[in-house]
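These notes are about the structure you will find just below.
Number of protein chains: 2
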Amino acid sequence: MERFLVIGLGRFGTAIAKELVRLGNIVVGVDTDAKLVNRLADSFTEALIADVTDEQALRELNATQYDAVVVAIGSSLETSILCILHLKTLGVKNIWVKAASKAHHTILSKLGVTRVIHPEVEMGVRIAQALNYPMINQFMRLGNGIYLVEVEVKPQWHNKTLREIFSQLSGADSVQAVTVKRKTEIKTVLPKDFVLLEEDRLVLAGSQSALKSLAKRWF
Amino acid sequence: MERFLVIGLGRFGTAIAKELVRLGNIVVGVDTDAKLVNRLADSFTEALIADVTDEQALRELNATQYDAVVVAIGSSLETSILCILHLKTLGVKNIWVKAASKAHHTILSKLGVTRVIHPEVEMGVRIAQALNYPMINQFMRLGNGIYLVEVEVKPQWHNKTLREIFSQLSGADSVQAVTVKRKTEIKTVLPKDFVLLEEDRLVLAGSQSALKSLAKRWF
Ligand SMILES: Nc1ncnc2c1ncn2[C@@H]1O[C@H](COP(=O)(O)OP(=O)(O)OP(=O)(O)O)[C@@H](O)[C@H]1O
Ligand SMILES: Nc1ncnc2c1ncn2[C@@H]1O[C@H](COP(=O)(O)OP(=O)(O)OP(=O)(O)O)[C@@H](O)[C@H]1O
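Order-wise, the sequence lines are chains P and L. Everything in the first sequence is counted per full-length UniProt numbering, starting at 1 for the first residue and increasing by one. Everything in the second sequence is counted per full-length UniProt numbering, starting at 1 for the first residue and increasing by one.
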C-alpha cells in the first residue's frame, strides 16, 4: 500500500486524490480552504488545513514519508513555486506538479520535479484527436510513428472475415489486426478468415500515415 | 478537410484548436478577449472577436456550416449555457462542451450536447493511475474488465524469452502478450520462445485483477 500527499484540492487535485483512494492507497489531502477540507474529509485517509508556502507547515506534514507528493495549485505561480522549493529543501524526491503556463513549466523543470502536467492542454490534444478521427475510440503511441488504435466495428462488418474487411479498404496492407476482444476473451491469433461478431472490439496497429489513409476511407 | 468552430480560447480551447490545425483541418477560433484573438490570429484559419451570449453574433458566425462546434468556456456557467442554447436554436447538431462542475454537466446533458468534457477530472484520473502503476506507460480499456497495457521492459528482461519472463511472474498465466513493437515493426506472432530486445515495447492484455497482481510483483 503506497502513501501519497496531494496538495491543492481543486478539480484536478481532488480527482487525483479520489482515484488514488479508489485504487487502494493511503492519501492525505491538504488545502488552505477550511470549508473545502471539511467537505472532503471523508473522501481521503486524512484531509488537513495548511498553507504550503510556509516551510514549517510543510515540515509538520512530514512530506518525505510519502511515495509521491502531488502539487495541484494552478492559479498562483508564486504559491506553487514556493511549495516546490520547500519540498525540495525538505528532501522530497518524487514530485508531480500541475503547470498553468509554459513559463511555469520552465521554472518547475529548473527546480527539478519528477513530472509536470498541463491538464487542460493534454486533454485538449486528446479531444482534438477524437474530433479528427471519430472512428477511433482510443489509441496508444508505441514510438517510431507506430500506433495501436481501437476502432468502431461498423455494422456492415458483422459476420465478415478480416480478409473481406481489409480488402474493401485499400492501403490497408500496412495496417495489422493485432487483437480482438470478444466478451471477456482476448484473441491474439487472427487468421485472415477470422470472422468479426457484433460486440467485438478490434485493435489495429500501423504507422500514423497508414492509419490516417485507412481512416479517411473508413466513413 | 473538416471545419471546426472553437469558442473560448483559454488553455483548453486553444489546445484543441491548435491540434485540429496541426491535423490539417479548417479551424475558426472565437473569443471576447481582443488581445487574445490578435495574439492567436496566425495559429488558426481565422480568429474572430465575438460575444457568444449574443444570438445575433452566433448567427453571423454561421455555426451550422461546421462539422463540430466546441464550447470551451469554464468559469462562467451562464455564458456556457446561453451559448449552447443559441447553438441549439440555430440548429447546430455536433456540440462538444467543457463542464466545470457536476451541476454544469447535468444542465448541458438536459440541453442535449454530443459530448461533455471535464478536462481537470479526466486528467486527474489518468495521473492517479500513472502514480499507482509506475510500470505501466499507457493503457486501453476494452470493456468487460479487459485492458491492454504497454509496460516498461526492465533491463533484466533484455535477451530473455517471453517464457522465461512470464515464468518469473506468478499469476501471469491469465495475462497474454499481445504485441511487441521493435523499431518500426509490429510483431503480432509471439511464440513462447520470442526473445525481447532492449528497445522493444511490450503490450499485454488481461483482466484488471490479473494485471494488478502482475504489477505488484513487477517491481
Ligand atoms: N498556499 C496554499 N496552501 C495550500 N493550498 C492552497 C494554497 N493556495 C491555494 N491552495 C489551494 O489549491 C487549490 C487549487 O488551486 P487553484 O484554484 O489555484 O488551482 P486550479 O488549477 O485553478 O484548480 P483546478 O484543479 O480546479 O483547475 C485550491 O483549492 C486552493 O485553495
Ligand atoms: N461570452 C463569451 N464569448 C466568447 N468568449 C468568451 C465569452 N466569455 C468568456 N469567453 C472566453 O472563453 C475563454 C475561456 O474561458 P474561461 O477562462 O472561463 O475558461 P477556463 O475553463 O477557465 O479556461 P482554461 O481552458 O484555461 O482552463 C476565455 O478566453 C474568455 O475570454
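Beta carbons are placed, not taken as given, at the ideal position from N, Cα and C, and that holds for glycine. Note that the structure is a prediction, hence the values are computed from the model and not measured.
For P/Leu77, the enclosing alpha helix (DSSP H) has its first and last residue at Leu77 to Leu90. Within its own chain, the residues whose Cβ lies closer than 7 Å to the Cβ of L/Trp157, once the five positions on either side in sequence are excluded, are Ile165 and Leu196, listed in chain order. If you check the CB distance, P/Tyr133 and P/Ala215 come in under 8 Å. Rounded to the nearest whole angstrom, the CA to CA distance from L/Gly124 to L/Ala99 is 15 Å. Taken through DSSP and simplified to helix, strand or coil, L/Ile136 comes out as strand.
An exposed status is given to P/Met135, since fewer than 16 other beta-carbon atoms sit within 10 Å of its beta-carbon. Contact note: P/Gln138 reaches chain L through Met140 and Arg141, using a C-beta cutoff of 8 Å and chain order. Spatial neighbours of L/Pro119 in its own chain (CB-CB distance under 7 Å, excluding positions within 5 residues in sequence) are listed in chain order as Phe12 and Lys98. The Cβ atoms of L/Gly143 and P/Lys181 lie closer than 8 Å to each other.
Per the DSSP secondary-structure output, L/Glu185 pairs in a beta bridge with L/Arg182. Judged by the Cβ position, L/Ala72 qualifies as a neighbour of ligand 2 at the 7 Å threshold, a heavy atom of the ligand being closer than this. Within a 10 Å sphere around the beta-carbon of P/Gln138 sit 16 or more other beta-carbons, which makes this residue buried. At least 8 Å separates the beta-carbon of P/Val6 from that of P/Val92.
A Cβ-Cβ separation of about 5 Å places P/Thr179 in contact with P/Val203 under the 8 Å criterion. Every beta strand (DSSP E) of 3 residues or more that sits fully in the UniProt domain "RCK N-terminal" (1 to 117) of chain P is shown, in chain order, as 3 to 7, 26 to 31, 46 to 49, 68 to 71, 95 to 98 and 115 to 117. One alpha carbon belongs to P/His86, the other to P/Arg22, and they sit about 29 Å apart. Taking a beta-carbon distance threshold of 8 Å, L/Met1 does not count as an interface residue toward chain P. At a Cβ-Cβ threshold of 8 Å, P/Ala130 and L/Val121 do not count as neighbours. The straight-line gap separating the alpha-carbon atoms of L/Asp54 and L/Leu61 is approximately 11 Å. For the pair L/Trp96 and L/Thr79, the CB atoms are not nearer than the 8 Å cut-off. Short note on L/Ile7: C-beta closer than 7 Å to some heavy atom of ligand 2. Each residue's CA atom was taken as its position, placing P/Thr188 and P/Val28 some 42 Å apart.
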